[in-house]
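Participant: Sharing a structure, written as structure tokens. Questions coming.
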Amino acid sequence: MTSAIGCRVESFRNTPLLRSSLNFFRAFSSDSSSTSSSAVSSAQNPKKSKRRKKKNLFEVAQFLPNWGIGYHMAKSHWNEVSYEITKLNLYKDGRHGKAWGIAYKNG
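Be aware that the sequence shown starts at 1, since it is given in the UniProt record's numbering, and climbs by one per residue.
If you want it as structure tokens, here you go:
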């Protein structure tokens with residue numbers, strides 16, 4: 001039984017795919033010392049900062065009293081424009097739906 005497992009391991013080590021992938025990594029690691037040092041630092045710190053997904057109207061309004069009806073809401077990049085929410089129609093998941101409101105400019 002152990003000899004069969006040993007044969008499988010040896011056959012896996014001798015596959016051309018593994019050899020070509022190792023040669024591929026060796027070629028990049030031997031290009032220059034600056035790229036290898038940056039590759040090492042990125043390998044040591046695998047966590048990348050992920051951008052947060054912005055919340056939609058319904059995800060914001062769910063924490064307001066009466067689902068935000070009567071509140072003025074606007075996107076962060078809108079200048080001096082807002083909507084007063086008058087009616088909400090939520091879909092079953094509670095994160096999507098339809099909203100009605102009155103548009104306000106400069107106020």
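The C-beta atom is built at its ideal place from N, Cα and C for all residues, glycine as well.
For A103, I'd like the list of residues in its chain whose CB is within less than 6 Å of its CB, leaving aside the five on either flank, ordered along the chain.
Facilitator: Cβ within range, chain order: Y83.
Participant: Between the beta-carbon of F58 and the beta-carbon of G101, is there less than 8 Å?
Facilitator: Not a contact, by the Cβ cut-off of 8 Å.
Participant: So, using beta-carbon positions, are G70 and A61 closer together than 8 Å?
Facilitator: For G70 and A61, no; Cβs fall outside 8 Å.
Participant: Can you pull the DSSP bridge partners for I85?
Facilitator: G101.
Participant: Check for me: the alpha helix (DSSP H) holding A61 runs from which residue to which?
Facilitator: Where A61 is concerned, the enclosing alpha helix (DSSP H) stretches over 57–61.
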